[in-house]
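*Asks:*
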Amino acid sequence: MSQVAVLIEKLNAQIQSGEQVDSFIDALQMFVDHREDEEIVGLEDKLAYVGRSDEIKSALKKKELFQKKLMALEPFSSAQKIFAIFLSRNSRGV
């Protein structure tokens, strides 16, 4: 069974039992914090910089949907681990 599949099972168990945490796990915190080393800040500016301004409206909508999902599942450590796995893969271009 894959790491994500195991985490999904654990997430289901945490939701059923009400087992929650009150902070972000370290692996996800790096994606939440503002990083001082970033030259370009903000989704719109980043898309404009790479010539994809035509995608700003769609990207903002997707960002909002992701943020809502993250907020809903934030109390569950296994959900945070799942998000961290996919964000890490995305940031590496995998």
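As numbered in this note's numbering, the sequence shown has no gaps in its residue numbers, which increase by one up to the final residue, 85.
Cβ atoms here follow ideal geometry from the backbone N, Cα and C, with glycine treated the same way.
1. Rank MET21, GLU29, PRO66 and GLN(-6) by C-alpha distance to the C-alpha of SER14 and give the top, closest one.
2. Cα-Cα, which of LYS1, ALA(-4), GLN(-6) and MET(-8) is closest to SER69?
3. Leaving out five residues before and five after LEU61 in sequence, what residues of the same chain have Cβ atoms less than 7 Å from its Cβ?
4. Since ILE58 is in the alpha helix (DSSP H), which residue starts that stretch and which ends it?
5. Which ranges would you report for the alpha helix (DSSP H) in the segment -7 to 42 if only whole runs of at least 4 residues count?
6. Return helix, strand or coil for PHE77, following the three-state DSSP convention.
*Replies:* Per the coordinate set shown:
1. PRO66
2. LYS1
3. PHE74
4. For clarity, residue 58 is Gln in the given sequence; the question names Ile instead. Segment 47 to 64, the alpha helix (DSSP H) holding GLN58.
5. -6 to 8, 17 to 23 and 34 to 40
6. helix
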